[in-house]
Amino acid sequence: GAITMDQKSLWAGLVVLLLLQEGSAYKLVCYFTSWSQDRQEPGKFTLESADPFLCSHLIYSFASISDNKVVIKDKNDAMLYQTIKSLKTKNPKLKILLSIGGYLFGSKGFHPMVDSSKSRLEFINSVIPF
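Residue 26 is where the sequence shown starts when you use the numbering used here, and the numbers rise one by one after that.
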């Protein structure tokens, strides 16, 4: 579906916050999707070929929201996220971010999560381990 003004504002705000995080420090933000490993060459990309020093930030997609908690539903996706987190052993300065949602996710998980302070707190507490 179409992107709403609220969604545009949210994304713009997140980008601004990310840019303000470290002032004018160099940033190269990389985005890794779980399905990039399934592509045909030359578009195929696996974490084994990832240079942990190339990116200042690495965003992994996608996690989901279920019962006001962030979840990675697919076992393979959970393993990939752990592999991404292990890149920090090679480059401790690498910032790892987890993207929630995706094109097909829509807003179905976000609306109940932001509905009350209790549901927001559940979500926040579920994000911390990631």
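Every residue, glycine too, gets a C-beta built ideally from N, C-alpha and C.
Note that the coordinates shown come from a computational prediction; the quantities given were computed from them, not determined experimentally.
Can you tell me which of the three DSSP states residue i falls into?
i, result
"residue 44", "helix"
"residue 52", "coil"
"residue 139", "coil"
"residue 122", "strand"
"residue 59", "helix"
What does the alpha-carbon distance come out to for the pair residue i and residue j?
i, j, result
"residue 61", "residue 85", "11 Å"
"residue 32", "residue 66", "34 Å"
"residue 51", "residue 80", "10 Å"
"residue 100", "residue 106", "10 Å"
"residue 137", "residue 42", "24 Å"
"residue 55", "residue 112", "13 Å"
Could you tell me whether the Cβ atoms of residue i and residue j are closer together than 8 Å?
i, j, result
"residue 88", "residue 122", "no"
"residue 91", "residue 134", "yes"
"residue 102", "residue 74", "no"
"residue 57", "residue 83", "yes"
"residue 119", "residue 77", "yes"
"residue 156", "residue 93", "Since the first residue shown for the chain is 26 and the last is 155, residue 156 is missing from the structure and cannot be characterised."
Within the same chain, show all residues whose beta-carbon is closer than 8 Å to that of residue i, passing over the 5 residues directly before and after it, in chain order.
i, result
"residue 95", "88, 89, 123, 125, 148, 151, 152 and 155"
"residue 110", "121"
"residue 115", "77 and 78"
Leaving out five residues on either side along the sequence, give the residues of the same chain with a beta carbon under 7 Å from the beta carbon of residue i.
i, result
"residue 108", "72"
"residue 139", "145"
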